[in-house]
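Undergrad: Got a structure for you, written out below as structure tokens; questions coming shortly.
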């Protein structure tokens, strides 16, 4: 990613250690596609001295619930979601005076702003929420902040373990959610199927989306929720739904379990 000055940053390009998943993007006007910010909420452009100063509040938004398959509230979300710089157009940003921060870690547009804010507060600080509106876990953030030495072998082995675990978890979740344990035909490698399963189960149980795992699916099944026929249940999510899932995926492993 490029900064406002046009230079690459190391952390903005980071995808390791479970925080930012680079790809396309918490809940009621639709979020714009990447680099297509809504402009109706921003004041008209004026000379720089008259522009309003950009604040965190200006970055907040809501997804259009009318475009979401299951419009129930998202469990665990406390704050409204917030845009990061990579999600906004130059046109939108040009309508505001953007202060020059001495340290990018204090810039609310910065992708890792919430993590550094949480870390600065310390273990006894007030709650910090990520750009999707969920509370961060200080211990997880502190561990993420520590440098980790990687070598090719450990990375390959780690990826193999991750894929094996994901395959096993997917089978268990499908067994609990779908009739006969069979997912949608032709969608075996589509992660959006799992996104929608987690969203439905999360709302049925009142458990945050990032905590949905095979144990929660077994609990869902044991509570008597009806299994579904995959091909009747499945449909490809629209753009608003895809953006919402991407927002919830970003940094999910660093959130507090409730």
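In UniProt numbering, the protein residues as written are 1 to 258.
Here a beta-carbon is modelled for each residue, glycine too, at the ideal position from N, C-alpha and C.
Keep in mind it's a predicted model, so treat the numbers as computed, not measured.
Quick one, are the C-beta atoms of residue 129 and residue 78 less than 8 Å apart?
TA: Contact flag set, yes.
Undergrad: Given that a residue counts as buried once 16 or more other Cβ atoms are within 10 Å of its Cβ, and exposed if not, what is residue 254?
TA: With 16 or more other Cβ atoms within 10 Å, it is buried.
Undergrad: Can you name the residues that DSSP bridges to residue 67?
TA: BP columns for residue 67 are empty, so no partner.
Undergrad: Taking the DSSP output, what are the residues bridged to residue 55?
TA: Beta-bridge pairing links residue 55 to no other residue.
Undergrad: Indicate the three-state DSSP secondary structure (helix, strand or coil) for residue 101 in the structure shown.
TA: In this structure, residue 101 counts as coil in the three-state DSSP scheme.
Undergrad: On the DSSP letters alone, give me the boundaries of the alpha helix (DSSP H) that residue 173 sits inside.
TA: First-last of the alpha helix (DSSP H) with residue 173: 152 to 177.
Undergrad: Just checking my contact of residue 123 with residue 192 at CB under 8 Å: how many whole Å lie between their CB atoms?
TA: 36 Å between Cβ atoms; not a contact.
Undergrad: Can you tell me which of the three DSSP states residue 129 falls into?
TA: Correct three-state label for residue 129: strand.
Undergrad: Does the beta-carbon of residue 108 have 16 or more other beta-carbons within 10 angstroms, so that it is buried, or is it exposed?
TA: So residue 108 ends up on the buried side.
Undergrad: On the criterion of 16 or more Cβ atoms from any shown chain inside 10 Å, does residue 301 qualify as buried, or is it exposed?
TA: Within the shown structure, residues of the chain are numbered from 1 to 258, placing residue 301 beyond reach of any answer.
Undergrad: Sort 125, 62, 93 by Cα distance to residue 51 and report the nearest one.
TA: Closest option to residue 51, Cα to Cα, is 93.
Undergrad: Name the residue from 198, 181, 211 whose alpha carbon lies nearest to the alpha carbon of residue 256.
TA: Of 198, 181, 211, the residue nearest in Cα terms is 211.
Undergrad: Figure out for me which residue from 65, 228, 258, 234 has the closest Cα to the Cα of residue 186.
TA: Of the listed residues, the one whose Cα sits closest to residue 186 is 234.
Undergrad: Give every residue of the same chain whose Cβ lies closer than 7 Å to the Cβ of residue 121, excluding the five residues on either side of it in the sequence, and list them in chain order.
TA: Taken in chain order, the residues that qualify are 128.
Undergrad: By DSSP's criteria, residue 135 is part of a beta bridge. Which residues make up the other side?
TA: DSSP output for residue 135 lists 129 as bridge partner(s).
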